[in-house]
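Written below as structure tokens is the structure these notes are about.
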Amino acid sequence: MSPVYTKEQREQMRKILQPEYAIGCGVITRDEYDKLKDEFFAQSELSVGLILPLILIVLGLKLMPQIGIEGRYWVALCIALVPVSAGLFWVGMERRNKFRLELELLIEGNWQRLQESKKQQSSSTTGGATDKIQSAVAKAIETKAIDKLNVDVNVKS
Amino acid sequence: MGSNVIMPDDQGSSRSASDAQKGAGAAPEGILAGLATVFYAWADYLSRGGQSSQSGASGSGGFFSTLWRAVSRHFELLLIPSVLLAFFLILTNVYGIHVWPLFLLTEISAVWLGLAFGWACIKEDLKRVEDPDPQDFDSLGFFYSRIASRSPLLFEITTAQRALKTRHAARSAASRRFGARESTPTTPPAPRSGVDDARDLVRSYWEPDEEDQPSGNDGERKK
Chain S
196 MSPVYTKEQR EQMRKILQPE YAIGCGVITR DEYDKLKDEF FAQSELSVGL ILPLILIVLG
256 LKLMPQIGIE GRYWVALCIA LVPVSAGLFW VGMERRNKFR LELELLIEGN WQRLQESKKQ
316 QSSSTTGGAT DKIQSAVAKA IETKAIDKLN VDVNVKS
Chain G
563 MGSNVIMPDD QGSSRSASDA QKGAGAAPEG ILAGLATVFY AWADYLSRGG QSSQSGASGS
623 GGFFSTLWRA VSRHFELLLI PSVLLAFFLI LTNVYGIHVW PLFLLTEISA VWLGLAFGWA
683 CIKEDLKRVE DPDPQDFDSL GFFYSRIASR SPLLFEITTA QRALKTRHAA RSAASRRFGA
743 RESTPTTPPA PRSGVDDARD LVRSYWEPDE EDQPSGNDGE RKK
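The listed protein sequences correspond, in order, to chains S and G.
The first sequence: position 1 = 196 (this note's numbering), numbered continuously.
The second sequence: position 27 = 589 (this note's numbering), numbered continuously.
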């Protein structure tokens, strides 16, 4: 289950989802960011970057006298370029979206962990103060009891 | 560019003439099919009064119906590259003008058309989140359903801008409709958009019911 966030936390989260800001705040490391970038964003760049070589390959096929695509094959090749480039573009955008999603999930998870540890730290600090007070009270009671005991002993003697 | 851009060719004009004859017989099938598709989409576009996108439900359907919806709704994106592609194909194939810049321009217009088509498909997919009364995550579209199934907070953040746009559009439409009635002092409540319905769906999926709280199964998602 996802935790329920306050409005302030949501606003902070919105800000912290920027990767550079998250790295600066120490929510994620540069290595984690680079790792995700090398995996998903590189796939996106690769897919979109294939479009230009595709154009050049088709142009080469058309211009090479040994192959020299003509007539209906040239029309078919040009029409086939439409879905192929659309597919490459779609895959590129999908991978880019995946990269953003994974990055934001990483930031959210780390940020949530930080919030929880901060909460625990603050509660343990409060718990320590209570312990100190308790021990001081116990010590005072003990001292008083010993004094009383001393008095009793004196009276008897 | 001068005459030096013409492909060096030993056969010269005789080859071009034969290609022109060959192309004139070969091209029409592909080109006419493409033109027929474009004109059919244009007719569909005009039949909706030039509305590039319908408001409200985009509905669901098969793969090809989704593609067709993307074509018909974003027709203005696809029109220029389609016309350019047909024009250059006719020039290079029917009229047999064998100049490499024309080939390159034909390919570029084909790729332009492909990119526009891909962009239209993505826009159409992202628009599905605005459907009122979504039934499940699949009805939110491919991209948003993936976000919603991973994190409701990220879903809320990513749809925030879209909801603002929807609300702004609804408010401006309402103000246009009721603009003349200045006498009404009270402002109408903010219209509820389809994105709000989507958020409710995601929240109901992720957040436990009130009565489920003490059961100790907080860590599990509601099925």
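Glycine included, each C-beta is placed from N, C-alpha and C at the ideal position.
For residue i versus residue j, is the C-beta spacing smaller than 8 Å?
{"i": "G:L675", "j": "S:V277", "result": "yes"}
{"i": "S:M208", "j": "G:I719", "result": "yes"}
{"i": "G:T721", "j": "G:V757", "result": "yes"}
{"i": "S:F163", "j": "G:L640", "result": "Past the edges of chain S, shown from 196 to 352, lies residue 163 of chain S, and the structure says nothing about it."}
{"i": "S:P214", "j": "S:L298", "result": "yes"}
{"i": "S:W306", "j": "S:I246", "result": "no"}
{"i": "G:L716", "j": "G:F705", "result": "no"}
{"i": "G:L653", "j": "G:L646", "result": "no"}
{"i": "S:L258", "j": "G:W662", "result": "yes"}
{"i": "G:V764", "j": "G:A731", "result": "no"}
{"i": "G:T728", "j": "G:E686", "result": "no"}
Do you know whose CA, among the options, lies nearest residue i's CA?
{"i": "S:T224", "options": "S:I302, S:E311 and S:E337", "result": "S:I302"}
{"i": "G:V656", "options": "G:A648, G:P663 and G:W662", "result": "G:A648"}
{"i": "S:Q249", "options": "G:A682, G:S627 and G:L666", "result": "Here residue 249 of chain S is Leu; the residue named in the question, Gln, does not match the sequence. Here the closest residue by C-alpha is G:L666."}
{"i": "G:A682", "options": "G:W630, G:Q697, G:S755 and G:R754", "result": "G:W630"}
{"i": "S:E240", "options": "S:V253, S:L296, S:K257 and S:R290", "result": "S:R290"}
{"i": "S:Y282", "options": "S:F294, S:G244 and S:Q315", "result": "This sequence places Gly at residue 282 of chain S; Tyr is not what is there. Checking every option, the nearest Cα to that of S:G282 belongs to S:G244."}
{"i": "G:P714", "options": "S:G304, S:Q329, S:A331 and S:Q316", "result": "S:G304"}
{"i": "S:L251", "options": "G:K727, G:G680 and G:I670", "result": "G:I670"}
{"i": "S:S280", "options": "S:K313, S:S312, S:V253 and S:Q204", "result": "S:V253"}
{"i": "S:F236", "options": "S:E203, S:M288 and S:T201", "result": "S:M288"}
{"i": "G:D762", "options": "G:E638, G:H660, G:Q697 and G:S634", "result": "G:Q697"}
{"i": "G:R712", "options": "G:F626, G:F625, G:Y767 and G:A632", "result": "G:Y767"}
Against chain G, with Cβ distances strictly below 8 Å, would residue i count as a contact?
{"i": "S:C220", "result": "no"}
{"i": "S:S280", "result": "yes"}
{"i": "S:N292", "result": "yes"}
{"i": "S:L296", "result": "yes"}
{"i": "S:T338", "result": "no"}
{"i": "S:M259", "result": "no"}
{"i": "S:L256", "result": "no"}
{"i": "S:I250", "result": "yes"}
{"i": "S:R209", "result": "yes"}
{"i": "S:W285", "result": "yes"}
{"i": "S:I246", "result": "yes"}
{"i": "S:W269", "result": "yes"}
{"i": "S:E240", "result": "no"}
{"i": "S:L301", "result": "no"}
{"i": "S:L212", "result": "yes"}
{"i": "S:V332", "result": "no"}
{"i": "S:L276", "result": "yes"}
Output needed for residue i: all residues of its chain with C-beta closer than 6 Å, excluding positions within five of it in sequence on either side, in chain order.
{"i": "G:E769", "result": "none"}
{"i": "S:A335", "result": "none"}
{"i": "G:H636", "result": "A682"}
If I'm right that residue i touches residue j with Cβ under 8 Å, what's the distance once you round it to whole angstroms?
{"i": "G:V691", "j": "G:A760", "result": "5 Å"}
{"i": "G:S701", "j": "G:A725", "result": "Not confirmed; about 17 Å, so no contact."}
{"i": "G:F542", "j": "G:T668", "result": "Residue 542 of chain G is absent from the model: chain G starts at 563 and stops at 785."}
State yes or no: is the beta carbon of residue i nearer than 8 Å to at least one beta carbon in chain S?
{"i": "G:T628", "result": "no"}
{"i": "G:V673", "result": "yes"}
{"i": "G:T668", "result": "yes"}
{"i": "G:F665", "result": "yes"}
{"i": "G:G585", "result": "Confidence at G:G585 is low in this model, with a pLDDT of 46, below 50, so the placement of that residue is unreliable and no value is reported for it."}
{"i": "G:G703", "result": "no"}
{"i": "G:L653", "result": "no"}
{"i": "G:N726", "result": "In the sequence under discussion, the amino acid at residue 726 of chain G is Leu, which differs from the Asn named in the question. No, no contact with chain S."}
{"i": "G:I642", "result": "no"}
{"i": "G:I709", "result": "yes"}
{"i": "G:S713", "result": "yes"}
{"i": "G:L763", "result": "no"}
{"i": "G:S620", "result": "Here the model assigns G:S620 a pLDDT of 46, short of 50, so the residue's position is not dependable and the matter cannot be decided."}
Could you pull out every residue in the same chain whose Cβ sits closer than 7 Å to the Cβ of residue i, ignoring the five residues on either side in sequence?
{"i": "S:V286", "result": "S242"}
{"i": "G:S707", "result": "F699 and D700"}
{"i": "G:G703", "result": "D687, L688, R690 and V691"}
{"i": "G:D695", "result": "D759"}
{"i": "G:I642", "result": "none"}
Compute the minimum distance between the beta carbon of residue i and the heavy atoms of the ligand FAD, and state whether it is under 7 Å.
{"i": "S:I246", "result": "Among the ligands in the structure shown, none appear at all, so the ligand FAD cannot be discussed."}
Leaving out the 5 sequence neighbours to the left and right, which residues in its chain are closer than 8 Å to residue i when beta-carbon positions are compared?
{"i": "S:L256", "result": "I262, I264 and L272"}
{"i": "S:L231", "result": "F294, E297, L298 and L301"}
{"i": "S:I218", "result": "T224, R225 and Y228"}
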